[in-house]
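Student: Letter by letter, the sequence shown follows residues 0 to 519 in numbering that gives the first Met the number 0.
Quick reminder that beta carbons are idealized off the backbone N, C-alpha and C, glycines included.
Computed from a predicted model, the values in this text were never measured in an experiment.
Let me begin by handing over the structure; questions about it come next.
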Amino acid sequence: MVGTPLKETEMTRITPATPVAIIGAGPVGLAAAAHLAKRGLPFLVLEAGPEAGHSVRSWGHVQLFSPWRYSLDKAALRLLEPTGWQAPDPESYPTGRALVERYLTPLAAHPAIAPHLRLGRKVVAITREGVDKLSNAGREDAPFLLHIECADGAEELIRAGAVLDASGTYRTPNPLGAGGLPAIGERAAAVNTFYGIPDALGAHRERYAGKHVLVAGAGHSAFNALLDLAALADDVPGTAITWVVRRGSERMGQAYGGGANDALPARGELGQRIRGLVEHGVVQLVTGWRTDRVERTPEGLVVHAGARSLGPVDEIVVTTGLRPDLAPLAELRLGLDPAVEAPAALAPLIDPNIHSCGTVRPHGVDELSHPEPDFFIIGMKSYGRAPTFLLLTGYEQARSVTAALAGDWEAARRVELELPETGVCSGPVAAGEGVASSCCGPVETVVPAGNLISLTPVAPSLISLTPAAAASSCCAPAVQATCCEPEAKADCCGVAAEATGEAGELVALTSASGSSCGCQ
Ligand SMILES: Cc1cc2nc3c(=O)[nH]c(=O)nc-3n(C[C@H](O)[C@H](O)[C@H](O)COP(=O)(O)OP(=O)(O)OC[C@H]3O[C@@H](n4cnc5c(N)ncnc54)[C@H](O)[C@@H]3O)c2cc1C
0 MVGTPLKETE MTRITPATPV AIIGAGPVGL AAAAHLAKRG LPFLVLEAGP EAGHSVRSWG
60 HVQLFSPWRY SLDKAALRLL EPTGWQAPDP ESYPTGRALV ERYLTPLAAH PAIAPHLRLG
120 RKVVAITREG VDKLSNAGRE DAPFLLHIEC ADGAEELIRA GAVLDASGTY RTPNPLGAGG
180 LPAIGERAAA VNTFYGIPDA LGAHRERYAG KHVLVAGAGH SAFNALLDLA ALADDVPGTA
240 ITWVVRRGSE RMGQAYGGGA NDALPARGEL GQRIRGLVEH GVVQLVTGWR TDRVERTPEG
300 LVVHAGARSL GPVDEIVVTT GLRPDLAPLA ELRLGLDPAV EAPAALAPLI DPNIHSCGTV
360 RPHGVDELSH PEPDFFIIGM KSYGRAPTFL LLTGYEQARS VTAALAGDWE AARRVELELP
420 ETGVCSGPVA AGEGVASSCC GPVETVVPAG NLISLTPVAP SLISLTPAAA ASSCCAPAVQ
480 ATCCEPEAKA DCCGVAAEAT GEAGELVALT SASGSSCGCQ
C-alpha cells in the first residue's frame, strides 16, 4: 500500500461542519453521495456545471457501449427504486443524454442528495487549512480547505473532513501533437478543431457536411466520431474522412478491439464497424502518423508529421485521449504514478504500456490511497491518462472508499466487482521482462482470505475463483481470462491453468466465443 488512507482505529474528522467534499456530480461522484447518504455521513457535492452529469451531457449524443445494467450504481438504485422511478430496460443501451435524464437527474434530485448538491461551484484548489504542502506539523488534524469559483464570479472557501475528487477528465483532452504538447500551429487552428466527439449528425451537422475532416486518435471516442462522420458522408456528398493513428499498420488489428470476444458486444462491434469503413474506403486510414505541425493555407489546414503532410482539410477532430487536471491538487501530497498519473498502486493494473486488456482486477481503498490522508481520486480521473475506465469500476471505488470513510473496513476491503471482459490484450510481452511486465501485470494478492471474486460478463462465461487461486495465479484469472497472447499465457498463467485443469473448482470457465486465449 502506497498511501496512508485513514487510521483504522481513529474516528475520522467528518462532521456536519467538515463534511466529505465530493468534487463533481458525474455518475461516480453521485454514486459516492448515494453511498455516504446510506451510511449517514455528512457530505457536500460540488459541481462546476449547471446540472448533474454536466460532462456526460457534453457527449449526450453518443450511445454507451455498456447496457443500462452496467451503468447504474447499486446504492443509487436503493435510493431511486422506492420513489417510483422508472427503471430503464437493463439490456438496452443509453446515450449519454439518457444517462443524464433518466438516471443522474433523478438521482441528484433525490431528497437524500439534493440538499447537499451545489451546482455552479468549480473547485480550483485544495489545501489543508493553514498547512501548506511542505509542512508536517498539524497536517493530519487540519481540515481540508477547498477554494471554489462560483458561476456568478464569486469565490468561496469550504472546509471538509475528507475529499473525494470525482471530477473526471473530460474537460482536459490531450492535444493533437503526438508528443503530448500542442503541435505547432494547433492553437491557431482552434476554430477548426474539435476536441472530443462532435455531434456530426445533429448539432454539428452543418460544420462537417461536405467537408474534409481529419480525425486523430485510435480509441472508442475516435470510433464514435468516425461512425457519425461516415453516416454523414453517406448522406452528404463531398464529405471526406481521413483518420490518422500513431500505431503502425501491423498493430491495427488490435486497435479494432476484441470484436466477438468482447463481453460488451456493443464495444466489440464498434471496432469491427470501423474496420469495415476502412476496408471499403469510406475512411482513409493513415498509420504511423505523429502530428507535429498544423499549417493554415488558403486551401485549408495542412497537417504535418515530420516530412509527411496531409490535407488540405477543413476540420480536425482530436480524440487522442484525456488527462487529469492536477493543478487544483498541487498543495496535496499525492502518490501518483509518474507516467499514468493514476494512484501508484492502481497504475500497474491499467498502464497501457503493460497491457490494455480493459478489464482490471478488483481494487478499492488501498489502491486509491495517497500519502495525504482522507483524500481520494475516484472515477474516471483515478485512471489518470489510462483509457479503459468503466462506470462499474468507479462505482466499486465509490463503495469501497466511502465504506472506509465510515470506518467499515470489512466492507471497504471486500470485493464486490463485476466487470465485463474486453476480449483483447494489446500489451507487448518482451522477452526477459517476466511476469511483472506481461499483459497480466504483477503478482499481488489484494483479496482478503475468505472472499470470493466473481465475474459475470454479458457473454455466457462465468469465472469464479477463490483467494487461493488468486494467490497462486500470476494472472488474476477473474479479470484477465481472455487477454493474454498464447506465449504470455504459457509464461504467465501456467500455474492457474494447471490448477484449473486438475481441480476444476478453482477456475471454472465456459466461453461462448470459444477463445483459447487466457488463463483457462
Ligand atoms: C464518449 C464516452 C463514452 C463512454 N462510454 C462508456 C460506456 O459505455 N461504459 C462505461 O462504463 N464507461 C464509458 N465511458 C467512460 C466513463 O464511464 C465516463 O466518462 C463517465 O462519465 C465517468 O464518470 P465520472 O463521474 O468519473 O466523471 P464525469 O462524468 O466526467 O463527471 C465529472 C463531473 O465533475 C465536474 N467537474 C469537473 N471539474 C470540476 C471541478 N474542478 N469542480 C467541480 N466539478 C468539476 C464535471 O462538470 C462533471 O459533471 C465513456 C466516456 C466517454 C467520454
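Just tell me which of Ala24, Val44, Tyr255, Ala33 has its CA closest to the CA of Pro18.
Tutor: Among Ala24, Val44, Tyr255, Ala33, the Cα nearest to that of Pro18 belongs to Val44.
Student: Return the CA-CA distance between Gly287 and Gly184, expressed in angstroms with no decimal places.
Tutor: The straight-line gap from Cα to Cα measures roughly 21 Å.
Student: Excluding sequence positions up to five away, which residues of its chain have a Cβ less than 8 Å from the Cβ of Arg56?
Tutor: Result list for Arg56: Gly48, Glu50, Gly95, Arg96, Val99, in chain order.
Student: Compare the beta carbon distance of Leu269 and Val277 with 9 Å and say whether it is the shorter of the two.
Tutor: Their beta carbons are not under 9 Å apart, which means Leu269 does not touch Val277 by this criterion.
Student: Are there any heavy atoms of ligand 3 lying less than 8 Å away from the beta-carbon of Trp58, as far as the coordinates show?
Tutor: Absence of ligand 3 from the depicted structure is noted, with ligand 1 being the only ligands included.
Student: Report buried or exposed for Glu46, applying the criterion of at least 16 other Cβ atoms within 10 angstroms of its Cβ.
Tutor: Buried is the call here.
Student: Is the beta carbon of Glu268 within less than 8 Å of some heavy atom of ligand 1?
Tutor: Not so, every heavy atom of ligand 1 lies at least 8 Å from the Cβ.
Student: Following the continuous beta strand (DSSP E) through Asp164, name the residue where it begins and the one where it ends.
Tutor: 161–164 is the extent of the beta strand (DSSP E) around Asp164.
Student: What's the gap between the Cα of Pro459 and the Cα of Asp261?
Tutor: For Pro459, the predicted structure reports a pLDDT of 26, less than 50, and the residue's modelled location is therefore unreliable. The matter cannot be settled from this model.
Student: If I measure Cβ to Cβ from Ala199 and keep anything under 6 Å in the same chain, skipping five residues before and after, which residues do I get?
Tutor: Tyr207, Asp227, Leu228, Leu231.
Student: Checking 9 Å against the spacing of the C-beta atoms, do Leu78 and Ala33 come in under that value?
Tutor: Taking 9 Å as the Cβ cut-off, Leu78 and Ala33 qualify as a contacting pair.
Student: Just the C-alpha distance for Pro349 and Tyr382, rounded to the nearest angstrom, thanks.
Tutor: Residue identity differs from the one stated: residue 349 is Ile in this sequence, not Pro. If I take the Cα positions, the gap works out to 7 Å.
Student: Looking at Lys121 and ligand 1, is the gap between the Cβ and the nearest heavy atom below 8 Å?
Tutor: Flag set: Cβ of Lys121 near ligand 1.
Student: Taking only heavy atoms of ligand 1 into account, decide whether any of them is closer than 8 Å to the Cβ of Ile349.
Tutor: No - ligand 1 has no heavy atom lying nearer than 8 Å to the Cβ of Ile349.
Student: Provide the residue(s) that pair with Lys121 in DSSP beta bridges, ordered along the chain.
Tutor: The partner list for Lys121 (beta bridge, DSSP) reads Glu148.
Student: What is the residue span of the beta strand (DSSP E) that Tyr194 lies within?
Tutor: Segment 192–194, the beta strand (DSSP E) holding Tyr194.
Student: With 9 Å set as the bound, which would you pick, yes or no: does the beta-carbon of Asp72 sit closer than that to a beta-carbon of chain D?
Tutor: Given the protein chain composition of this structure (a single chain), no chain D is represented.
Student: Run through DSSP, which three-state label would Asn450 get?
Tutor: Unreliable placement is indicated for Asn450, whose pLDDT of 26 sits below 50; no coordinate value is reported for it.
Student: Can you find a heavy atom of ligand 1 that lies under 8 Å from the Cβ of Glu46?
Tutor: Yes.
Student: DSSP state of Thr94, grouped into three classes?
Tutor: Of the three classes helix, strand and coil, the one that applies to Thr94 here is strand, per DSSP.
Student: What did DSSP end up calling Arg170 once you bin it into helix, strand or coil?
Tutor: Arg170: coil per DSSP, three-state reduction.
Student: Using the Cβ count rule (16 or more neighbours within 10 Å means buried), how would you classify Val364?
Tutor: Flag for Val364 reads buried.
Student: Please list the terminal residues of the continuous alpha helix (DSSP H) segment that includes Leu300.
Tutor: Leu300 -> not in any alpha helix (DSSP H); beta strand (DSSP E) instead, spanning 299–304.
Student: Taking just the CA atoms, how far does Arg398 sit from Asp72?
Tutor: Distance between the alpha carbons of Asp72 and Arg398 is about 9 Å.
Student: With DSSP as the reference, please indicate the residues paired to Leu156 in a beta bridge.
Tutor: Answer is His146.
Student: Could you tell me which residues DSSP puts in a beta bridge with Ile22?
Tutor: For Ile22, which the question treats as bridged, DSSP gives the partners Leu45, Asp164.
Student: CB-CB under 7 Å to Ala304, same chain, minus the five flanking residues each way: which ones, in chain order?
Tutor: Around Ala304: Trp288, Arg289, Thr290, Asp291.
Student: How would you write the range of the beta strand (DSSP E) that Phe64 sits in, first residue to last?
Tutor: It is not in any beta strand (DSSP E) - Phe64 carries neither H nor E in the DSSP assignment.
Student: Is there contact between the region 169–180 and the region 317–336, where contact requires at least three CB pairs shorter than 8 Å?
Tutor: Judged by Cβ distances under 8 Å, the region 169–180 makes contact with the region 317–336, as three or more pairs qualify.
Student: Please state the DSSP three-state secondary structure of Val285.
Tutor: Val285 falls in the strand class under three-state DSSP.
Student: Check whether the Cβ of Phe42 lies closer than 8 Å to any heavy atom of ligand 1, and answer yes or no.
Tutor: No, ligand 1 has no heavy atom inside 8 Å of this Cβ.
Student: Let me confirm a value: Pro476 is counted as buried when at least 16 other C-beta atoms fall within 10 Å, else exposed. Which label applies?
Tutor: Because Pro476 carries a pLDDT of 32, less than 50, the predicted location of this residue cannot be relied on, and the following value inherits that uncertainty. The residue is buried, with at least 16 neighbouring Cβ atoms inside 10 Å.
Student: Is the region 134–148 in contact with the region 116–126, if contact means three or more CB pairs nearer than 8 Å?
Tutor: Flag = yes, the region 134–148 and the region 116–126 touch.
Student: Does the distance from the CB of Gly267 to the CB of Val244 come in under 9 Å?
Tutor: The answer is no: Cβ separation not under 9 Å.
Student: Below 7 Å CB to CB, which residues in the same chain sit around Arg38 once its five sequence neighbours on both sides are set aside?
Tutor: Excluding sequence neighbours, Arg38 sits near Thr401, Ala405.
Student: Can you tell me whether Val277 is helix, strand or coil according to DSSP?
Tutor: Val277: helix per DSSP, three-state reduction.
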